[in-house]
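In my numbering, the protein residues as written are -3 to 347.
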């Protein structure tokens, strides 16, 4: 069966008429309120008849000037009443304009509906005189016209977006694998003040393990001991040992067991300008590039202790390490906090 072409009414006509009707209702309410105010003002301006009757009934007393009717001030209330009347006249004029606009829009809508009905009737008459093939051709042309109109609308929207859309900001993403805890050989570097330097953490920790037993005698009369090792490659290792006494029950009584443990250690740089400027470290022939050339990416993990003033350099460094196949662990550090560790610390997580 051939499809009948229908035209939708303009959606904005009824909404506009509803808004205008609401405005007319509001204006009528304002006229009623202003009319009540005008009536109140006129009543308050009239003299009180009861006052004259009371004065006449009073006995004669000292001579006082009688209040003359001509002395009553009516200029103020009259001026207020005139202003209110002017407001009423203005509102009535606006109301008439709105009513005229509503009537005009109503007639315009009726004319549009009449034209649409005439066109639909004429189209139906034309379709009735067509055979099936001609009807199918007409339906096809109608569909093509609607599609072309939709295409023009989409093209206009596209041009609008192209002219108003802001330039997109590109955020680079490195396709790194999921993070995993580092258990193999780990090489530490410090990135601060725009400078990159090697941190000999493993070497200093090995010296701590070998030298700490020789310091235990100092804990005989003290519960805590702080010592320093180094410097090595520009870093001191400052560590603290603590002594703990535990009561251990035995068959012969309670025995006191003493245990010495590492509380924490920190790496203190000998100066703030250690290492190489980042731009120099990225160049071939630098100490950093020389160390990377001697490492096996399959067995080594690079840990970067990065400070807030060098986060931008860290992104570039991570890209370089990724291109060379190294797993990278980032350790963000607060400003002025030294690198350190403790038995309760966490291992690095590399990507």
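From the three backbone atoms N, C-alpha and C, an ideal C-beta is built for every residue, glycine too.
Quick one: what's got a C-beta closer than 7 Å to residue i's C-beta in the same chain, skipping five residues either side?
| i | result |
| --- | --- |
| residue 283 | 272 |
| residue 278 | 316 |
| residue 226 | 200, 232 and 233 |
| residue 85 | none |
| residue 32 | none |
| residue 1 | Unreliable positioning characterises residue 1 in this predicted model, as indicated by a pLDDT of 43, which lies under 50. The coordinate reading is nonetheless provided below. For residue 1, where only same-chain residues beyond five positions count, the Cβ hits under 7 Å are 119 and 138. |
Report the CB separation of residue i from residue j in whole angstroms; it is logged as a contact under 8 Å.
| i | j | result |
| --- | --- | --- |
| residue 238 | residue 220 | 5 Å |
| residue 302 | residue 329 | 7 Å |
| residue 349 | residue 83 | This structure gives no information on residue 349, because the portion of the chain shown stretches from -3 to 347. |
| residue 264 | residue 215 | That pair is no contact at about 22 Å. |
| residue 187 | residue 309 | 6 Å |
| residue 23 | residue 80 | At roughly 15 Å, the Cβ-Cβ gap does not stay under 8 Å, so residue 23 and residue 80 are not in contact. |
| residue 213 | residue 224 | That pair is no contact at about 17 Å. |
| residue 191 | residue 274 | 7 Å |
| residue 20 | residue 91 | 7 Å |
| residue 293 | residue 322 | 5 Å |
Between the C-alpha atoms of residue i and residue j, what's the straight-line distance to the nearest angstrom?
| i | j | result |
| --- | --- | --- |
| residue 94 | residue 144 | 39 Å |
| residue 210 | residue 234 | 16 Å |
| residue 115 | residue 154 | 33 Å |
| residue 135 | residue 121 | 15 Å |
| residue 229 | residue 193 | 9 Å |
| residue 288 | residue 327 | 19 Å |
| residue 25 | residue 101 | 23 Å |
| residue 206 | residue 259 | 16 Å |
| residue 182 | residue 240 | 32 Å |
| residue 50 | residue 73 | Any answer about residue 50 is weak, because its pLDDT of 43 lies below 50 and its placement is not dependable; what the coordinates show is given next. Roughly 25 Å separates the two Cα atoms. |
| residue 117 | residue 126 | 15 Å |
| residue 251 | residue 332 | 45 Å |
| residue 132 | residue 140 | 12 Å |
| residue 208 | residue 340 | 19 Å |
| residue 14 | residue 107 | 19 Å |
| residue 27 | residue 104 | 29 Å |
| residue 349 | residue 158 | The structure shown has nothing for residue 349, since the chain only spans -3 to 347. |
| residue 218 | residue 185 | 35 Å |
| residue 18 | residue 160 | 37 Å |
| residue 152 | residue 142 | 16 Å |
| residue 109 | residue 128 | 29 Å |
| residue 266 | residue 204 | 18 Å |
| residue 130 | residue 138 | 12 Å |
| residue 280 | residue 150 | 54 Å |
| residue 89 | residue 99 | 15 Å |
| residue 318 | residue 290 | 16 Å |
| residue 156 | residue 124 | 43 Å |
Who are the near neighbours of residue i in its chain, counting only those whose CB is closer than 8 Å to its CB and skipping five residues on each side?
| i | result |
| --- | --- |
| residue 189 | 268, 269, 303, 305 and 306 |
| residue 320 | 288 and 293 |
Which same chain residues end up closer than 6 Å to residue i when comparing Cβ atoms and leaving out the 5 residues on each side of it in sequence?
| i | result |
| --- | --- |
| residue 146 | none |
| residue 56 | Residue confidence for residue 56 is low, a pLDDT of 49 falling below 50, so the modelled location carries little weight; the figure read from the coordinates is stated next. No residues qualify anywhere along the chain. |
| residue 242 | 253 |
| residue 276 | 282 |
| residue 314 | 324 |
| residue 222 | 236 |
| residue 61 | Low confidence applies here, because residue 61 scores a pLDDT of 47, under 50, leaving its location unreliable and the question unanswered by this model. |
Using a beta-carbon distance below 7 Å, is residue i in contact with chain C?
| i | result |
| --- | --- |
| residue 213 | Within the model displayed, chain C is absent; a lone protein chain is all it includes. |
List the residues that DSSP assigns as beta-bridge partners of residue i.
| i | result |
| --- | --- |
| residue 251 | 244 |
| residue 192 | 187 and 272 |
| residue 235 | 223 and 261 |
| residue 182 | 297 |
| residue 354 | Nothing can be reported for residue 354: it is not among the residues displayed for the chain, which extend from -3 to 347. |
| residue 285 | Looking at the DSSP assignment, residue 285 forms no beta bridge with any residue, so it has no partner. |
| residue 328 | 302 |
| residue 335 | 263 |
| residue 111 | Partner(s): none; residue 111 has no beta bridge. |
| residue 323 | 297 |
Check whether the Cβ of residue i sits closer than 6 Å to any heavy atom of the ligand FMN, and report yes or no.
| i | result |
| --- | --- |
| residue 249 | Although the ligand FMN was asked about, the structure shown includes no ligands whatsoever. |
query = Is there contact here, the region 330 to 338 with the region 288 to 298, by at least three beta-carbon pairs under 8 Å?
reply = Output reads no: the region 288 to 298 does not touch the region 330 to 338.
> Using 8 Å as the threshold, is the region 246 to 260 in touch with the region 193 to 202, meaning 3 or more CB pairs across them?
Replying inline: No: the two stretches stay apart, fewer than three of their Cβ pairs being nearer than 8 Å.
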